[in-house]
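All remarks here apply to the structure that follows.
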Amino acid sequence: MNAEVATAVETPVVGGDGRGAPAAEKQAALRVSGSSATFQPRIVGFLCNWCSYAGADLAGTSRTPYAATVRVIRVMCSARIDPTFVLKALAEGADGVLICGCHPGDCHYSEGNYKTMRRYPLLKRMLADFGIEEERVRLEWVSASEGQHFADVVDDMTRRIRALGPSKVKIALATDRAER
Amino acid sequence: MGESVATTKKLQIALYWGAGCGGCDVAVLDTNEFILDVAALADIRLWPIAVDAKYRDLEAMDDGELDLALFNGAVRNSENEHIARLLRQKSKLLVAFGSCAHLGGIPGLANLATKEEIYDRAYLHNPSIEPGNTTVPLTQTSVNGYRLELPRFHRRVYKLDDVVDVDYYLPGCPPASDQVKAVLVVIASGQLPPKGSVVGAGDRALCDDCTRTKTEKKVKEFKRPWQIMADPDLCLLEQGILCAGPATRSGCGVRCPTSAIPCRGCYGPLPGVVDQGAKLLSAVASIIDSKDPDEIDTILAGLPDFTGYAYRFGLPASLLQRSVRP
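The listed protein sequences correspond, in order, to chains A and B. In this text, residue positions in the first sequence follow the working numbering: the first is 557, and each later residue adds one. In this text, residue positions in the second sequence follow the working numbering: the first is 53, and each later residue adds one.
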């Protein structure tokens, strides 16, 4: 819980880097709870450097309010997001994972986002086999000018995951450790 | 056997079979006449498939009395776990022998189902079971005044090092016999590799050892091996046959792809890789020759049960380890 507080305190109230959030939301983030009314999901966001991170940045500099649920990790390209990263985030307790990249045709490296486009549906199928709800992992194309779209995506994803409740992955692994 | 222990310095070894198929024991026997050298070099104190020794003989040993224990099979039930802990206690070295002990193996695929589903399928609702059958195994039962016990079935399958500390990992389903032999010779010589090493395997991808011709990979359609006459010289993946070579450690001698059978990944992930299935997913999806989401979906439909393929030998060693369904 202390780590949670520390993380939230370090997060600017409205940041220019996509981490920004209104103060009320920030306070809500401190009240982590299992009930769906107050449950504040923790979403790991992997954003490509060239489009989506700039889009999230625009949401910040435009002071667009959105849920303080996403922890942004900047990567050079959405194709850099190894499926391992997504699985690792879920195994470590993330309630959701958001992957954002340039719109098809706009990749800074020409083809990177097409690789993401191919990997994502296979990853979704794999997650379903592990009993992980579809809403927890999401791919969105966000350009540098789509700050509002980024904010809407985060809000929508937060609402859907809040309805699901906390991810069961970490709890399941802890239960197993207790068995042996 | 007890006397020879007291009077000679022969290696004291044990081999055990957990949740596995017995193929690993056969791989040891497949070293052919070398097994006679082993018998000359070592006292085999426990080997359920070949030697008459009881668990109580193992329990009676001093701690560290054994020099080497080879454990094959996964940990599925309380008996596997009990013997794993005993062998760890009694042996100076413990080797996870084969895919099941190393990564969970084929039995590990059961982690996609729940304990209750497995019980129901195995004992209650199965085409080979008489309808209305109610005979089921119990951990304790009483027959003619005697109390009988069966091992408890764990919630899920574990790899060996989930339960006990492991010194070395010898991958493969089963490990190649020449590798088994080489590892036994090294251990017998006392020149031990660093603890935690994967032994009897390479440190590159299987593709590096595979002699098939590789060009740029672009796949429009995935096919099952029986659906085409595969080109004998071209990379199987390039022919649309799902092959785990890019995500699998070398060392097997490329036995499967050389025989026109795609790699299933039994030697496990490459050094430094956390999750073999995720790496295979990444590699396989990347080579799909389409930029249209609908067409990509159609092409991916040619990979039924990709999860089962990607984690065929290592689901308990993956990041998610099991289904989260209750």
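For every residue, glycine included, the Cβ atom is placed at its ideal position computed from N, Cα and C. In this text the structure is predicted, and so the values were computed from the model without any measurement.
- Using a Cβ-Cβ cut-off of 9 Å, LYS331/B is close to ASP638, PRO639 and THR640 of chain A, given in chain order.
- Inter-residue distance for THR310/B and CYS304/B is about 11 Å (C-alpha atoms, whole angstroms).
- Of the residues GLU702/A, GLN704/A and ARG675/A, the one whose Cα lies closest to the Cα of PRO345/B is ARG675/A.
- Contact annotation for THR359/B against chain A: ARG681, MET682, ASP685 and PHE686 [CB-CB distance below 8 Å, chain order].
- Per the coordinates, the alpha-carbon of LEU98/B lies some 10 Å from the alpha-carbon of TRP69/B.
- In chain order, LYS343 make up the part of chain B whose C-beta sits under 7 Å from the C-beta of TYR670/A.
- Within chain A, the residues whose beta carbon sits less than 7 Å from that of ASP327/B are THR640 and LEU643, listed in sequence order.
- The DSSP-derived three-state label of ARG630/A is strand.
- Within chain A, the C-beta atoms nearer than 8 Å to that of ILE348/B come from MET673, ARG674 and PRO677, in chain order.
- For ARG694/A, no chain B residue has a Cβ inside 8 Å of its Cβ, as the nearest lies near 14 Å away.
- Membership of ILE65/B in the beta strand (DSSP E) is indicated by the continuous run 63-69.
- Nearest C-alpha to PRO356/B among ALA228/B, SER302/B, ARG276/B and ALA312/B: ARG276/B.
- Here the alpha carbons of ARG264/B and CYS287/B stand approximately 5 Å from one another.
- For ILE637/A, the secondary structure class from DSSP, reduced to helix, strand or coil, is coil.
- A residue is called buried when at least 16 other Cβ atoms come within 10 angstroms of its Cβ; MET281/B does not meet this threshold and is exposed.
- Taken atom to atom, the span from the alpha-carbon of ALA253/B to that of ALA615/A is near 51 Å.
- In this structure the stretch 669-684 of chain A lies against the stretch 638-658 of chain A, because at least three pairs of beta carbons, one per stretch, are closer than 8 Å.
- Closest by C-alpha distance to GLN596/A, out of ALA730/A, ARG715/A and GLU735/A, is ARG715/A.
- Here the alpha carbons of HIS206/B and LEU729/A stand approximately 14 Å from one another.
- Annotation: Cβ neighbours of PRO660/A in chain B (cutoff 7 Å, chain order): LYS343.
- The count of Cβ pairs closer than 8 Å, one atom from the stretch 695-703 of chain A and one from the stretch 603-623 of chain A, reaches three, so the stretches are in contact.
- The shortest CA-to-CA distance from LEU155/B to any of GLY366/B, SER302/B, ARG377/B and PRO378/B is the one to GLY366/B.
- Across the set GLU735/A, ILE727/A, CYS607/A and PHE706/A, the C-alpha of PHE706/A shows the shortest separation from the C-alpha of SER618/A.
- The residue among ALA71/B, PHE86/B, ARG140/B and LEU63/B with its C-alpha nearest the C-alpha of VAL232/B is PHE86/B.
- Listed by position along chain B, the residues whose Cβ is nearer than 7 Å to that of GLU735/A are HIS206 and ARG207.
- At least 8 Å separates the beta-carbon of ARG137/B from that of PRO159/B.
- Within its own chain, the residues whose Cβ lies closer than 6 Å to the Cβ of ASP119/B, once the five positions on either side in sequence are excluded, are LEU63, GLN64 and LYS144, listed in chain order.
- Residue-level contact by beta carbon fails for ASP651/A and chain B, as no gap is shorter than 8 Å.
- Taking C-beta separations shorter than 8 Å and ignoring five residues to either side along the sequence, the partners of GLU273/B in its chain run GLY292, ILE351 and GLY354, following chain order.
- In the DSSP assignment, GLN141/B falls within the unbroken alpha helix (DSSP H) covering 130-142.
- Buried is the label assigned to VAL698/A, since at least 16 other Cβ atoms lie within 10 Å of its Cβ.
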